[in-house]
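Data first, discussion second: the structure below is written as structure tokens.
Numbering (my numbering), first residue to last: 13 to 73.
Rendered as structure tokens:
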């Protein structure tokens with residue numbers, strides 16, 4: 013459970029930042045902003061999970 017909390021928090025922060033950023037007139041809806049935010053947040057989630065996984069693995073040995 014500890015391994016996934018930090019990556020999920022990072023994912024949530026990236027999605028919140030994406031919703032708060034200004035967008036073009038046609039794309040200034042929460043749905044479009046969340047879609048684009050998740051496109052950016054998913055790779056960040058994977059990277060944060062890998063870092064968290066290796067740090068917890070290193071500390072447990």
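In this text, a Cβ means the ideal position worked out from N, Cα and C, and glycines have one as well.
Which residue comes first and which comes last in the alpha helix (DSSP H) that contains residue 52?
Walking along the chain shown from the start, residue 52 turns up at place 40. Element bounds for residue 52: 42–72.
Let me confirm a value: residue 30 is counted as buried when at least 16 other C-beta atoms fall within 10 Å, else exposed. Which label applies?
The sequence position of residue 30 within the chain shown is 18, counting from 1. So residue 30 ends up on the buried side.
Determine the DSSP secondary structure at residue 13, reduced to helix, strand or coil.
The residue you call residue 13 lines up with position 1 of the chain shown. In this structure, residue 13 counts as coil in the three-state DSSP scheme.
On the CB-based measure, 16 or more other CB atoms within 10 Å of its CB, does residue 20 come out buried or exposed?
Counting from 1 along the chain shown, the entry for residue 20 is found at position 8. When all chains shown are included, residue 20 counts as exposed.
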